[in-house]
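Protein chains in written order, with our numbering: chain R, 1 to 394; chain Z, 395 to 788.
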C-alpha cells in the first residue's frame, strides 16, 4: 500500500457491526496538518459532522476517528455528547487537543451510537498505528460496499516527491439508512491553508458531486483533506504551477474513488460516463448531464442494453437548460444515433446496442449551443438495486 | 358510461399499434367549446403539441384527434407536417375550421408517424361517433397502461345538472419512449373562457403534477378541458360560488384519474400518499413532499414494507426546504414513528410495518415550522418497474 510521509493508520473491532468485522478506524498525522472539508448539504446533519465542521474550519487537524455500522444521525443531544466524548477520549490517548480531532460515522440512522464500545477500542487503535495500513482503513469503513476503495498519485516539486492518498466508501449515492459517502485525503505536501479548501471543493464538484447511483444525499457525507507538509517541499501557494500539480493530483485521486463508488453502486452492472457538451455554459452542461444520469428510465434502459435515445433526449429536455431540439446530437461511444434531433437510422441503433453490452461506455450529448461541457458518471438501475434497498433492514 | 351533453366519442384501428387494438380516438363537441390546456414543460416538445398549443390558447376547440402507438416526437419537419395534415383532414371531414382541431399522440419517440393510416381511419371515426363511447376512448389511448382511466362528477347550478367527465392515460410519470400523460376533460357546463385556464392549472398542480412514478416528464404530456355550455346553465363566472363548484368537480375528476395513474404505475404494488405539513408555506411543503415521493430509496423501502423513516427524514433534509431536524414528526397512517426527530421506539416501528403491508397508506411528515401543507402521491419501486423499463423495446 502506498504510504504518505508522517501519516499512520489503524483499524479495530468495536462490535458496532456484526462480530468479526473491523468497524472503527483511525488516521493520525505525526504533526498537526492543514486541512479542509466538504460536508453534506442535507439539512438533517449527523452529530459527527456538527462536531467536526467547526474544527476543520479552524484549519488544523491531526487525527480522524471513523466508525461504520452506526451513523450517529437523528440521535439528538445524546448523539452529540457521544461524538464529543469519543473525540475527547482519542485526544487524551494521543495527547493532543480535542480541537485537532475529526470524527465521522456511517451506518444505521436513528439508533444510539454504542459509544462505550467505540471508546474502549481507542487504546487498541492507538497501539496498532502503522504507515502501511491505509487499505485496512478503507476496508473498515465499508458498509454495503462490495470492495474497498483507495487511490493515490505522486507528483514532484523541485525534485521533492509528494504523495496524495485517498480512501473512500460509498455504494449508493446515497442510502441514508446504512451507507453514506465518506472520503479522506492525506498528503505529505506542504500546502498553504488558503489553497486547500478551493482545491478540495473543485475536485469534489468534478468527482463525488458528479456521480449518481440513486440521487439521494446522506446526512453523513464528508470529505476531508489533510496536508502535513512532511514531504519537505516549499509550501505550495495559490495560483502557482505547483498548485496546478497538486490540484490535478487531488482531482485524479477523487475521480478514481468516485468512479469506484459508481461501479460499486448497489446492484450496478455498468459504469456510464455522460459527456454533455455544447451547452450555453458549464453549469447548464452539468444540470443537463445530471438530468440524464439520474433518470430512472435512462438507467433501466442501460440495464436493458437498449440504445433508447428518446429517454436521453427527453431527460435533457426536462432538465430546464436551454435546448434547441433540432440541433441535438447523441453518441454511444463513437456511434452517432441522433443528428439534429433526428434518428440516424436503425443500422446505427444496432451498432449502438453493441456499445451498451460493454461494462463501461460513454454517452455524448452535444447541444450545439455553446462551449459548456460537463461529465457525470452513473450506473444502470437493476433488479439488484431494488432487492438490496427493499430488503435492506429485514 | 357517463355522458356529457353535446359530446360524442369514437375509436378505430389505424394499424399504428399491434393489430387487433384500437389506436386512434376522436372527441367531438356539437358546437365549438371554450377550452384551456396544460402542456409539458419539457423543452423537447412533440409535433402535436406544437400544433395544438396555439389553437387551445386561442380559446375555442371542437374536436380532439388522438393516436397511441407513436408519439410523433423527435420527428422534425415531417412530424409537424403530419400533425397538421391529420388535423386538416379531420376538419374537412367534420366541416369545421382546422383551428378548432386539437391533436395528441403517445407512443414511441423518433419514429415517423404513419400518417396515411391515421388519416384513412378518420372516415370510420366520424362514422361511429356516439355519446356513450368515452370509455372506449380511454381504452384506445392506452400504451403501457394496464387499465383504462375515466372519472366523472356532476354538480348543480340553479337546478341545472352539469357534468365533468375525464379520460386519461399514463402508467409511469413518465416513460417518454412509449407512454406519456394525456388527459381530456369534457364538461357541458357553460364556463367563462377566462375561468377555464386558472381552474385547469390549479387542478393539474394538485393532481397530475402531484404524482410521481419515476420523476420523468414526457415530450407529449397534455391535459385539455373543453366546456361546450350544452347543459344550458348561466355561464359560470370567476370568483362566484358556481366557480367553486366547477373547480371542485374538475379537481375531483383529475385527482381520481391521477391516483389511477399512480396505482397503474409500472410495476407498482402500492399507492402511497405523502402528506407534508408544518412547512413554512405550501410551496416549501410541495418541494419536500416531492423529494420524499421521488426518492428511489424511500420507494424501494415501501416495496420492502420497511418503515424506514431514516430515508424519509433524509429526503426531507436534502429537499432544500427549511427544516429543524429536532422538530420533525413522522407517521405511517396513525402510527407515529418519529417525534422531535427521534425514534418513538421499536414497538411503534413494528406497528408501522403492519401499515406498510397495506396496498394503500399515508405517510405524514410534520415539520412544525408553519402552516404550509401539500400532498403527493407515489408508488413503490419494484422489480417489475425495472423489468418493464429495461425490456421495453426488446
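Every residue, glycine too, gets a C-beta built ideally from N, C-alpha and C.
Residue i, DSSP secondary structure in three states
{"i": "residue 720(Z)", "result": "helix"}
{"i": "residue 228(R)", "result": "coil"}
{"i": "residue 476(Z)", "result": "helix"}
{"i": "residue 605(Z)", "result": "strand"}
{"i": "residue 492(Z)", "result": "helix"}
{"i": "residue 594(Z)", "result": "helix"}
{"i": "residue 754(Z)", "result": "strand"}
{"i": "residue 778(Z)", "result": "helix"}
{"i": "residue 457(Z)", "result": "strand"}
{"i": "residue 646(Z)", "result": "helix"}
{"i": "residue 370(R)", "result": "coil"}
{"i": "residue 191(R)", "result": "strand"}
{"i": "residue 353(R)", "result": "helix"}
{"i": "residue 482(Z)", "result": "helix"}
{"i": "residue 467(Z)", "result": "coil"}
{"i": "residue 218(R)", "result": "coil"}
Contact set between residue i and chain Z, taken where Cβ atoms lie within less than 8 Å
{"i": "residue 342(R)", "result": "468, 469, 470 and 504"}
{"i": "residue 326(R)", "result": "470"}
{"i": "residue 210(R)", "result": "Chain Z residues near residue 210(R): none, gap ~17 Å exceeds 8 Å."}
{"i": "residue 379(R)", "result": "Correct list: empty, because the minimum Cβ distance to chain Z is about 12 Å."}
{"i": "residue 207(R)", "result": "Within 8 Å Cβ-Cβ: nothing; residue 207(R) doesn't reach chain Z, min ~19 Å."}
Residues that residue i bridges to, as DSSP identifies them
{"i": "residue 429(Z)", "result": "620(Z)"}
{"i": "residue 104(R)", "result": "66(R)"}
{"i": "residue 379(R)", "result": "271(R)"}
{"i": "residue 630(Z)", "result": "585(Z)"}
{"i": "residue 186(R)", "result": "165(R) and 226(R)"}
{"i": "residue 759(Z)", "result": "670(Z) and 724(Z)"}
Spatial distance of residue i from residue j (CA atoms)
{"i": "residue 382(R)", "j": "residue 261(R)", "result": "16 Å"}
{"i": "residue 499(Z)", "j": "residue 524(Z)", "result": "22 Å"}
{"i": "residue 188(R)", "j": "residue 225(R)", "result": "11 Å"}
{"i": "residue 177(R)", "j": "residue 737(Z)", "result": "Note that residue 177(R) scores 41 on pLDDT, short of 50, meaning its location in the model is unreliable; the coordinates nonetheless yield the value given after this. So the two alpha carbons sit approximately 13 Å from each other."}
{"i": "residue 682(Z)", "j": "residue 560(Z)", "result": "29 Å"}
{"i": "residue 397(R)", "j": "residue 504(Z)", "result": "Not covered by the structure: residue 397(R). The range shown for chain R is 1 to 394."}
{"i": "residue 805(Z)", "j": "residue 407(Z)", "result": "Residue 805(Z) is absent from the model: chain Z starts at 395 and stops at 788."}
{"i": "residue 108(R)", "j": "residue 16(R)", "result": "10 Å"}
{"i": "residue 549(Z)", "j": "residue 590(Z)", "result": "16 Å"}
{"i": "residue 717(Z)", "j": "residue 52(R)", "result": "21 Å"}
{"i": "residue 141(R)", "j": "residue 21(R)", "result": "10 Å"}
{"i": "residue 753(Z)", "j": "residue 667(Z)", "result": "11 Å"}
{"i": "residue 453(Z)", "j": "residue 587(Z)", "result": "7 Å"}
{"i": "residue 158(R)", "j": "residue 57(R)", "result": "30 Å"}
{"i": "residue 396(R)", "j": "residue 707(Z)", "result": "The question about residue 396(R) has no answer here: the residues shown for chain R are numbered 1 through 394."}
{"i": "residue 183(R)", "j": "residue 43(R)", "result": "20 Å"}
{"i": "residue 542(Z)", "j": "residue 563(Z)", "result": "7 Å"}
{"i": "residue 421(Z)", "j": "residue 677(Z)", "result": "35 Å"}
{"i": "residue 378(R)", "j": "residue 532(Z)", "result": "37 Å"}
{"i": "residue 416(R)", "j": "residue 234(R)", "result": "Not covered by the structure: residue 416(R). The range shown for chain R is 1 to 394."}
{"i": "residue 29(R)", "j": "residue 362(R)", "result": "40 Å"}
{"i": "residue 135(R)", "j": "residue 74(R)", "result": "30 Å"}
{"i": "residue 241(R)", "j": "residue 72(R)", "result": "42 Å"}
{"i": "residue 128(R)", "j": "residue 11(R)", "result": "8 Å"}
{"i": "residue 19(R)", "j": "residue 116(R)", "result": "16 Å"}
{"i": "residue 641(Z)", "j": "residue 70(R)", "result": "50 Å"}
{"i": "residue 698(Z)", "j": "residue 661(Z)", "result": "14 Å"}
{"i": "residue 347(R)", "j": "residue 631(Z)", "result": "57 Å"}
Within chain R, partners of residue i - CB distance below 7 Å
{"i": "residue 613(Z)", "result": "314 and 317"}
{"i": "residue 435(Z)", "result": "318"}
{"i": "residue 768(Z)", "result": "The contacting residues do not exist; residue 768(Z) stays about 18 Å from chain R at best."}
{"i": "residue 499(Z)", "result": "Residues of chain R passing the Cβ test: none, with the nearest at roughly 13 Å."}
{"i": "residue 546(Z)", "result": "None at all; the shortest Cβ gap to chain R is about 31 Å."}
Chain-ordered chain R contacts of residue i [CB-CB under 8 Å]
{"i": "residue 463(Z)", "result": "Per Cβ cutoff of 8 Å: no residues; residue 463(Z) is ~14 Å from chain R at best."}
Interface partners of residue i on chain R, CB under 9 Å
{"i": "residue 438(Z)", "result": "313, 314, 316, 317, 318, 323, 325, 328 and 341"}
7 Å Cβ cut-off: residues of chain Z touching residue i
{"i": "residue 383(R)", "result": "777 and 780"}
Chain C within 9 Å of residue i, Cβ atoms only
{"i": "residue 262(R)", "result": "Absence of chain C from the displayed structure is noted, the protein chains being R and Z."}
Length-filtered (4 minimum) alpha helix (DSSP H) runs lying within the region 106 to 182 of chain R: DSSP runs (the alpha helix (DSSP H)) wholly in the region 106 to 182 of chain R: 115 to 120, 122 to 127 and 134 to 140.
Can you give, in chain order, each stretch of the alpha helix (DSSP H) that sits fully within the region 2 to 61 of chain R and has at least 4 residues? 47 to 57
Threshold first: 4 residues or longer. Then list the alpha helix (DSSP H) segments lying entirely within the region 660 to 741 of chain Z, N to C. Listed in chain order, the complete alpha helix (DSSP H) runs (minimum 4 residues) inside the region 660 to 741 of chain Z are 676 to 688, 690 to 697 and 703 to 711.
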